[in-house]
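Numbering-wise (my numbering), the sequence shown opens with residue 82 and increments by one. Cβ atoms here follow ideal geometry from the backbone N, Cα and C, with glycine treated the same way. In this text, all values refer to a predicted model and were calculated from it rather than measured experimentally. For reference, the structure discussed in these notes is given below.
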Amino acid sequence: RTFQLPPASRDHFDDDAGSIFEDAHNRLAEAGITSGCGTREFCGDEVVTRAMMAAFVTRVHSRGLPTPWSPAPEPPPVEEEDPVAPEEPEPEPEVDAGPAPESDGGVPTPSADAGTTGPDASRDPAGSVEGGCSAAGRPVGSLVAAFFLLAMLRRRHG
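Given below as structure tokens:
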């Protein structure tokens, strides 16, 4: 069965009679995934472009139909029963008590090693770096990227 769709209530296309895919065409039409290429025509001999295929896939996903590439559901978050005690605050940087070389008269300055420890400044607090990850830090596949692109194009061009 096509995407586990129920049987179609009627024959949607006249030009696919006798095709081994006639039932699949009708199931897809009834689910709103395809409308064929004209009034009651499926045009099964026509070339399917990437844009057409992307439209079919987008319609499948927008209806929540299961596919072989459907993502697995996220597991529920696990709550910790015993939260970790907060760490002790970092000590203040030491201040040099004497005047700094070439200063205007004794303004204290931080010592040379103060502030050099801690997380790498090029990383965010979660430790992820820019590029190729979703907001949750998981890699974004090309299929997901294609869906977003198609959705934007469909909104722009109707």
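Would the beta-carbon of G113 fall within 8 angstroms of that of F94?
no
Restricting to runs no shorter than 4 residues, where is the alpha helix (DSSP H) found entirely within the stretch 103 to 156?
103 to 111, 131 to 143
Could you tell me how far apart the beta carbons of D97 and G125 are, in whole angstroms, since I believe they sit closer than 8 angstroms?
6 angstroms
Classify A110: buried if its beta carbon has 16 or more other beta carbons within 10 angstroms, exposed otherwise.
buried
Report the CB separation of F123 from H106 in whole angstroms; it is logged as a contact under 8 angstroms.
5 angstroms
Kindly indicate which residue of R144, T115, G145 has the alpha-carbon position closest to the one of M134.
T115
Relative to the C-alpha of L86, which residue among D104, G99, D92, S100 is closest?
D104
Counted within 10 angstroms of its Cβ, other Cβ atoms place R91 as buried (16 or more) or exposed
exposed
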